[in-house]
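Worksheet: the structure to be examined is printed underneath.
Residue numbers (UniProt numbering): 1 to 155.
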C-alpha cells in the first residue's frame, strides 16, 4: 500500500484511535481495557512514549508506540493495533517494523518487550520475539496474556 503515511500521534487522533480499538474488541482487546487505552492516549508523552499513527488518505487506520525505559535498557511495544477493516493487508507488519526501527535507534536500548494475546503471539514470533511467560485469562476470560521479548543487542 503505497498510499500509507506514518506520522506522530497528535491529540486530534484520539477519536480515530479509540475507533480502531473498538474495532478490535473482543477478539484482540477486552472491553475493560478501553479505559486504560483512553488514559494512555490522554497522557502520551511523545518524547518518552513515541506513538505513531498510520494514515491512508488522511484517515488514521493504525496506531502503536513505544514505552521507553532507558534506566532498564529496554522499551515496550505499546498499544499497537490496526483497524479491523484493514487486517491482512500488511499494516501490522509495517507498524511493527517502524516501532522496531525506533527502538533500535534509541541509544542503550538492548531489549524490546511486549504483552500480547494468543491471537497475535505468532505474528510477533516472525519478528524474533520469544515467549517468556503465558498467563491464561491474563487480560480477561478467554484472552490469555503472552509476555514476549526480543533482544536488540548481545550486550
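From the three backbone atoms N, C-alpha and C, an ideal C-beta is built for every residue, glycine too.
From a predicted model like this one, the values you see are computed outputs, not experimental measurements.
With 16 as the cutoff for other CB atoms within 10 Å, does residue i come out buried or exposed?
{"i": "residue 93", "result": "exposed"}
{"i": "residue 88", "result": "exposed"}
{"i": "residue 155", "result": "Residue placement at residue 155 cannot be trusted, given a pLDDT of 49 that sits under 50; what the coordinates show is reported in the next sentence. When all chains shown are included, residue 155 counts as exposed."}
Name the residue from the options whose alpha carbon lies nearest to the alpha carbon of residue i.
{"i": "residue 45", "options": "113, 119, 152 and 78", "result": "78"}
{"i": "residue 104", "options": "42, 68 and 137", "result": "68"}
{"i": "residue 40", "options": "61, 13, 25 and 140", "result": "13"}
{"i": "residue 74", "options": "81, 59 and 112", "result": "112"}
{"i": "residue 27", "options": "81, 43 and 56", "result": "81"}
{"i": "residue 127", "options": "139, 142, 148 and 144", "result": "148"}
{"i": "residue 118", "options": "66, 51 and 144", "result": "144"}
{"i": "residue 106", "options": "125, 138, 72 and 38", "result": "72"}
Please look up how many angstroms separate the CB atoms of residue i and residue j, rounded, as I've assumed it's under 8 Å.
{"i": "residue 64", "j": "residue 100", "result": "Between residue 100 and residue 64 the Cβ distance is about 11 Å, and since that is not below 8 Å, they are no contact."}
So what does DSSP say about residue i, is it helix, strand or coil?
{"i": "residue 40", "result": "helix"}
{"i": "residue 155", "result": "Note on residue 155: pLDDT 49, under 50, position unreliable in the model; no value is reported."}
{"i": "residue 137", "result": "strand"}
{"i": "residue 26", "result": "coil"}
{"i": "residue 120", "result": "coil"}
{"i": "residue 4", "result": "strand"}
{"i": "residue 128", "result": "coil"}
{"i": "residue 106", "result": "coil"}
{"i": "residue 13", "result": "helix"}
{"i": "residue 88", "result": "coil"}
When you measure from the CB of residue i to every non-hydrogen atom of the ligand NAD, does any distance come out below 7 Å?
{"i": "residue 40", "result": "Looking for the ligand NAD in the displayed structure turns up nothing, as the structure carries no ligands at all."}
At least one CB of chain B closer than 8 Å to the CB of residue i: is that the case?
{"i": "residue 142", "result": "The structure shown contains no chain B; it is built from a single protein chain."}
Next item on the list: For the stretch 109-124 and the stretch 1-8, state whether three or more C-beta atom pairs, one from each stretch, are separated by less than 8 Å.
Entry: With a cut-off of 8 Å, the stretch 1-8 and the stretch 109-124 do not count as touching, because too few Cβ pairs lie within range.
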